[in-house]
Amino acid sequence: MGKLFSLIILLALGYAGIYFYYGVVVEREVQQQLDDRGLTAVSVDNIEYGVLAPLNTTANIEVTVTYRGSQATLDLIVQGHPLFSDEVSVEFDGLQALRLGINFGQ
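According to my numbering, the sequence shown holds residues 959 to 1064 in order.
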């Protein structure tokens, strides 16, 4: 029973690491896509994805980006697996929310 529990804990820790690293790689890929299109002033603030996203080659993710005080939440589709494949594409699926910031005096 102790070995089974240890194996479950080890697998859970391994998956948690993959889950965290998946988010880092996807954020880097989205930021690179923005930079390639000349949108270097747009920053990626938050990425949300499902618990099973690192297990699939296609995942729906939500990305919150900021540009000069305005925020937008985008729905994106990641095709390919950012950890295990060389071919990864990020496609725009839709705009979920747009929050405009008004900066006076700039």
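Even glycine gets a Cβ: it sits at the ideal position worked out from N, Cα and C.
Sub-9 Å separation of residue i and residue j beta-carbons
| i | j | result |
| --- | --- | --- |
| T1022 | V1002 | yes |
| A1055 | Q1037 | no |
| E987 | N1004 | no |
| V1000 | Y973 | no |
Buried or exposed by the 16-neighbour rule on C-beta atoms within 10 Å, applied to residue i
| i | result |
| --- | --- |
| Y1007 | buried |
| L965 | exposed |
| Y980 | buried |
| G992 | Sequence check: residue 992 is Leu here, not Gly. It counts as buried. |
| A970 | exposed |
7 Å CB neighbourhood of residue i in its chain, flanking five on each side removed
| i | result |
| --- | --- |
| G1052 | D1033 |
| S1047 | Q1037 and G1038 |
| F1050 | L1032 and L1034 |
Residue i: first and last residue of the uninterrupted beta strand (DSSP E) it sits in
| i | result |
| --- | --- |
| V1021 | T1016 to Y1025 |
| G1008 | Note, G1008: premise wrong, no beta strand (DSSP E); not H, not E. |
| S1028 | S1028 to Q1037 |
Endpoints, alpha helix (DSSP H) assigned at residue i
| i | result |
| --- | --- |
| L1101 | Nothing about residue 1101 can be reported from this structure: the residues present for the chain run from 959 to 1064 only. |
Backbone secondary structure at residue i - three-state DSSP
| i | result |
| --- | --- |
| L1013 | helix |
| G1052 | strand |
| A999 | coil |
| S1043 | coil |
Close beta carbons around residue i, own chain, < 6 Å, minus the five adjacent residues each side
| i | result |
| --- | --- |
| E985 | V1002 and I1005 |
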